[in-house]
Amino acid sequence: PPLLLSADKKYGKIKAIMNCQYSTPINLGTEEVPDWEYSELTCEFSQL
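Sequential numbering of the sequence shown, starting at 1, is according to this note's numbering.
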C-alpha cells in the first residue's frame, strides 16, 4: 500500500503536503520466507 506522509511544515502561510510512495519491490528473501523491500521512494510535493 502507498505510504502517505503529511508534512506539517509551513512556508509563510502555505501548508505543504508530501505524498510518498515506495516503488520497485524486491524480494531479498526466498519464496518460502519472503522479505520484500522497496528500492525507491517517490514523493510528490503539493501545496494547499
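Using N, Cα and C, we set each Cβ at its ideal position, and we do this for glycine too.
query = Do the CB positions of Leu-28 and Asp-35 come within less than 7 angstroms of each other?
reply = Here the question's residue 28 lines up with position 28 in the sequence shown. Here the question's residue 35 lines up with position 35 in the sequence shown. Cβ distance < 7 angstroms, so Leu-28 and Asp-35 count as in contact.
ask   = Do you know offhand how far Glu-44's Cα is from Thr-30's?
value = As a first step, residue 44 must be located in the sequence shown, where it is residue number 44. As a first step, residue 30 must be located in the sequence shown, where it is residue number 30. For Glu-44 and Thr-30, the distance between alpha carbons rounds to 32 angstroms.
Tyr-22 to Tyr-38 span [Cα, whole Å] = Position 22 of the sequence shown, counted from the first residue, corresponds to residue 22. Position 38 of the sequence shown, counted from the first residue, corresponds to residue 38. When rounded, the distance between both Cα atoms is 6 angstroms.
message = Just list the residues that DSSP pairs Ser-61 with in beta bridges.
response = Since the first residue of the chain shown is 1 and the last is 48, residue 61 is not available in this structure.
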